Amino acid sequence: MSTKNWPLWEIFVRSKNGLEHRHCGSLHAADSEMALENARDVYTRRNEGVSIWVVESKHITASNPEHNGELFEPAQDKVYRHPTFYDLPDDVKHM
Amino acid sequence: MLNPFQHLIKKSYTMKNENLYNYILGIADNSLILGQRMGELCGHGPSLETDIACTNISLDLFGQVRSYFQYATKIAGDGRSEDDIAMLRQEREYKNVLLVEQPNTNFAYTLGRQFLFDIYHLAFLKELQKSTDLTLSAIANKCVKEVSYHARFSSDWIKRLGDGTDESKEKMQEAINDLWAYTDELFHQTDADKAMVAEGIGVDVTKLKDNYYREISQVLEEATLQVPGSKYFQKGGKQGIHTEHLGYILAELQYMQRAYPNMEW
Amino acid sequence: MSEEQIRSLERQFEERIARDEKIEPKDWMPEKYRQTHIRQMSQHAHSEIVGMLPEGNWITRAPSLRRKVALLAKVQDEAGHGLYLYSATETLGISRDEMYEQLHTGKAKYSSIFNYPTITWADMGAIGWLVDGAAIINQVPLCNTSYGPYARAMIRVCKEESFHQRQGFEIMMKLANGTPEQKDMAQDALNRWWWPSLMMLGPTDDVSVHTEQSMKWKLKRKSNDDLRQQFIDQTVPQADLIGLTIPDPDLKWNEERGSYDFGEIDWDEFWQVVKGHGPMNKERMKARVGAWERGEWVRDAAMAHAEKKQVRKEKQAV
Ligand SMILES: [Fe+2]
Ligand SMILES: [Fe+2]
Ligand SMILES: [Fe+2]
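What follows is the structure, encoded as structure tokens:
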């Protein structure tokens, strides 16, 4: 049995220009070139993309869901960041 | 699927254009037999990712075959379909080079065969893009993108296997050494080739040779592999004189058409 | 963590699922949830991969170029499905290699239908029509399952599956409308694949073990028997349409139920195949293990090459 297996990569695909890259899945590859080639064959077989990013999974730092309270809840009551917070008369158009 | 180049096909061709017909078959048979070989691996690759990649190459090649043969049916003009042309010829009527019929002995042979063909194929298609035959140049325009990718894919793998482990280096070198004998034939001209070159339709493959060996050597060197020195080459495929492998490939390729003649599928 | 705390976490967890919230990889989850998902998802992935073999068997012999490219693309899709599902399972903390190991040693199961041989071209039609058809019925509800990565993988899979069944049905239709020889070939394939396809939807509800828990976690939305009935009700008219006969003398429309009644399934055969004694179990495993072992030096070489390249890059940077 092999001592070292191909590492895991996360794949991000831009479906068309103007849109952001979106995470679409992962795959295994020995290096970044292979990851790109594999991503092309695995995730864009049906014309799904115009650009691909690959990131080795171990380089991704994820937030811990146990800290979701402190991380994300404080934003919930900052309603003044949203346009609907502001009352304007209906006559004002295009705003 | 409709032939995307349908609109370019001139109706006036008759079989008097036998050279063109044979010329197209010569090109298409390479993709047909190589596609068939790659197709054998589907489900048996060294990793899922590579399996998917190899199947993609096979699919590209069969797509090319269909474009060529659909064009050939128009030129033949005798009611034969693309499948008749692909599957109902005799052994000696297949014009592919010997290289593409070599078996998938192991992954080094599969990739070595692909690499030695891709580098030629890409150079060939780049020239075919300039053909005065608009259908052929349109097909070449589409294929050149696919084959650029194949060439990159196979070259990368040659480097991985050549400059990988001791075991992989040995296997890759062995495959290249064995397959080397089939490279020279790529640059042989048939009568149909010569006639088509004279008409500005065909590619003069003799002119591709030096650059081919230069490119191949570059990749092999980068892969820390030896460029084989052997000057003994095999030939015959273009004249329909094949290795023993082709018969078995055809036995599978033609099986249904032979066992159940004159039916639609 | 005290038992009390765990129970409270479990309660919150079940409530989240009941509210249709998705569970994501780093969320806390009961160990049983993790293990059940690893088992079901990897089993599903294995089925996709082993499922490539019976159809792959006909790629070199497809009767026309059009059929050949369609079949190649279909089998390739199944490799993709296996890959999406293995990747989704890896988020639960098991590696693909470990899952392969389980498959190769017989510890993990895969869909028993793939242990039947493909002996004629019509089997390509029957598999696409019936096997992919039954798979879709199983899979569509999973697009909504509680574990996020599984649900996302299934959405991708289901989108791609849509051409598989049509591909198979078209093959069958062409044969059924062809020469008598072709029609016989189609009927024969239907005869051989019908009952295994019904078995594919799993044991009857009274003996099925995991159902209740799986329903709660949305790993299952309908019982095996309901899925089977749905499959039969949708497939029988399709067979009628192309003039093929479902090989079940007891098959009869039941006006009252608005469904077809059907004959007894041979569950002994099912369990025999599940336990490893179907016609092709050994061959299928031999093919998978063989591909894996023959590929080892290739995978090792790629890794060694990547490391060399990395070292070179670092040296250059100094
Ligand atoms: Fe699938
Ligand atoms: Fe599936
Ligand atoms: Fe499928």
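Those protein sequences? They're chains A, B and C, same order as listed. Counting the first sequence from 1 gives a position; my numbering is that position plus 111. Counting the second sequence from 1 gives a position; my numbering is that position plus 13. Counting the third sequence from 1 gives a position; my numbering is that position plus 1. Glycine is no exception: its CB is placed at the ideal position from the N, C-alpha and C atoms. These numbers come from a predicted model, not from an experiment.
How far does the beta strand (DSSP E) with residue i in it extend, from its first residue to its last?
{"i": "C:K253", "result": "253-255"}
{"i": "A:F214", "result": "Because residue 214 of chain A is not part of the residues shown, which for chain A are 112 to 206, the question remains open."}
{"i": "A:G70", "result": "As shown, chain A starts at 112 and ends at 206. That puts residue 70 of chain A outside it, with no answer to give."}
{"i": "C:S224", "result": "Per DSSP, C:S224 belongs to no beta strand (DSSP E) and is neither H nor E."}
{"i": "A:E167", "result": "162-167"}
{"i": "C:S260", "result": "260-262"}
Assuming residue i and residue j make a contact with CB atoms under 8 Å, what is their CB distance in whole Å?
{"i": "C:A46", "j": "C:G83", "result": "5 Å"}
{"i": "C:G107", "j": "C:G277", "result": "7 Å"}
{"i": "C:A80", "j": "B:L61", "result": "6 Å"}
{"i": "A:I163", "j": "A:A150", "result": "5 Å"}
{"i": "C:R62", "j": "B:E95", "result": "Actually they do not touch by this definition, with Cβ atoms about 17 Å apart."}
{"i": "B:L112", "j": "B:L199", "result": "7 Å"}
Please list the partners that residue i has in chain A, where partner means a Cβ-to-Cβ separation under 8 Å.
{"i": "C:E32", "result": "Within chain A, no residue comes near C:E32; the closest Cβ sits about 17 Å away, beyond 8 Å."}
{"i": "B:F166", "result": "E148"}
Closer than 8 Å by C-beta to residue i: which residues in its own chain qualify, once you throw out the five before and the five after it? Chain order, please.
{"i": "B:T237", "result": "G175, D176, K182"}
{"i": "B:A194", "result": "S243, Y245, F246, Q247"}
{"i": "A:A146", "result": "W120, I122, L138, A140, V165, E167"}
{"i": "B:H1", "result": "No statement about residue 1 of chain B is possible, as the shown extent of chain B runs from 14 to 278 and does not include it."}
Keeping to the same chain, check which residues put their C-beta closer than 6 Å to that of residue i; ignore five residues upstream and five downstream.
{"i": "B:N109", "result": "D42, N43, I46, G250"}
{"i": "B:G125", "result": "A188, I189, L192"}
{"i": "C:A288", "result": "L54"}
{"i": "C:A123", "result": "L176, M186, A187, A190"}
{"i": "A:V166", "result": "E121"}
{"i": "B:D206", "result": "G215"}
{"i": "C:F170", "result": "W130"}
Can you name, in chain order, every residue of its own chain whose Cβ lies under 7 Å from the Cβ of residue i, other than the five neighbours on each side?
{"i": "C:L73", "result": "I60"}
{"i": "B:H134", "result": "V160"}
{"i": "C:F263", "result": "I233, D249, D251, L252"}
{"i": "B:D131", "result": "V160, H163, A164, S167"}
{"i": "C:I266", "result": "W196, L199, M200"}
{"i": "C:N145", "result": "A152, K219"}
{"i": "B:K24", "result": "Annotation note: pLDDT 47 at B:K24 (below 50); position unreliable, coordinate value reported separately. Excluding sequence neighbours, B:K24 sits near nothing in its chain."}
If the cut is a Cβ gap below 7 Å, which residues of chain B does residue i touch?
{"i": "A:N208", "result": "Any question about residue 208 of chain A goes unanswered here, given that chain A covers just 112 to 206."}
{"i": "A:E144", "result": "D169"}
Who are the neighbours of residue i on chain B, taking C-beta pairs under 9 Å?
{"i": "C:A74", "result": "T68, L72"}
{"i": "C:L65", "result": "The amino acid occupying residue 65 of chain C in the given sequence is Ser; Leu does not appear at that position. What C:S65 touches in chain B: S94, E95, D96, A99, M100, M269, Q270, E277, W278."}
{"i": "A:W117", "result": "S60, E62"}
So which residues of chain C does residue i contact, with C-beta pairs closer than 7 Å?
{"i": "A:L138", "result": "L84, S88"}
Taking residue i as part of the alpha helix (DSSP H), name the residues at either end of that continuous run.
{"i": "B:E183", "result": "179-193"}
{"i": "B:S243", "result": "Where B:S243 is concerned, there is no enclosing alpha helix (DSSP H), given that its DSSP letter is neither H nor E."}
{"i": "B:D91", "result": "First-last for B:D91: undefined, no H or E at that position."}
{"i": "B:S161", "result": "147-175"}
{"i": "C:P197", "result": "181-201"}
{"i": "C:I39", "result": "32-51"}
Give me the chain A residues within the contact set of residue i, using Cβ-Cβ distance strictly less than 7 Å, ordered along the chain.
{"i": "C:M100", "result": "Those within 7 Å of C:M100 in chain A number zero; the least Cβ separation is about 12 Å."}
{"i": "C:E91", "result": "L119"}
Roughly how many angstroms lie between the CA atoms of residue i and residue j, to the nearest whole one?
{"i": "C:Q166", "j": "C:K309", "result": "46 Å"}
{"i": "C:E213", "j": "C:V158", "result": "25 Å"}
{"i": "B:H57", "j": "C:F115", "result": "16 Å"}
{"i": "A:E159", "j": "C:E162", "result": "16 Å"}
{"i": "B:K4", "j": "B:Y226", "result": "Nothing about residue 4 of chain B can be reported from this structure: the residues present for chain B run from 14 to 278 only."}
{"i": "C:Y34", "j": "C:I18", "result": "12 Å"}
{"i": "C:R153", "j": "B:V240", "result": "48 Å"}
{"i": "A:K169", "j": "A:L119", "result": "8 Å"}
{"i": "B:M14", "j": "C:V237", "result": "Residue placement at B:M14 is poorly supported in this model, since its pLDDT is 48, which falls under 50; the coordinates are not used for a value here."}
{"i": "B:Y268", "j": "C:L131", "result": "25 Å"}
{"i": "A:H132", "j": "C:R229", "result": "40 Å"}
{"i": "C:S43", "j": "C:W272", "result": "20 Å"}
{"i": "B:T68", "j": "B:M51", "result": "7 Å"}
{"i": "B:D197", "j": "B:K184", "result": "22 Å"}
{"i": "C:Q140", "j": "C:G129", "result": "15 Å"}
{"i": "C:M304", "j": "B:I229", "result": "23 Å"}
{"i": "C:Q239", "j": "B:I70", "result": "35 Å"}
{"i": "C:S96", "j": "C:R68", "result": "36 Å"}
{"i": "B:N154", "j": "C:K223", "result": "51 Å"}
{"i": "C:V70", "j": "B:L54", "result": "14 Å"}
{"i": "B:T123", "j": "B:T148", "result": "31 Å"}
Taking Cβ-Cβ distances shorter than 8 Å, what residues in chain C pair up with residue i?
{"i": "A:N175", "result": "K27"}
{"i": "B:K172", "result": "H306"}
Kindly list, in the order they appear in chain B, the residues whose Cβ is closer than 8 Å to that of residue i.
{"i": "A:V153", "result": "E62, I65"}
For residue i, return the contacting residues in chain A, with the cut-off set at a CB-CB distance below 9 Å.
{"i": "C:A303", "result": "W117, A140, A141, D142, M145"}
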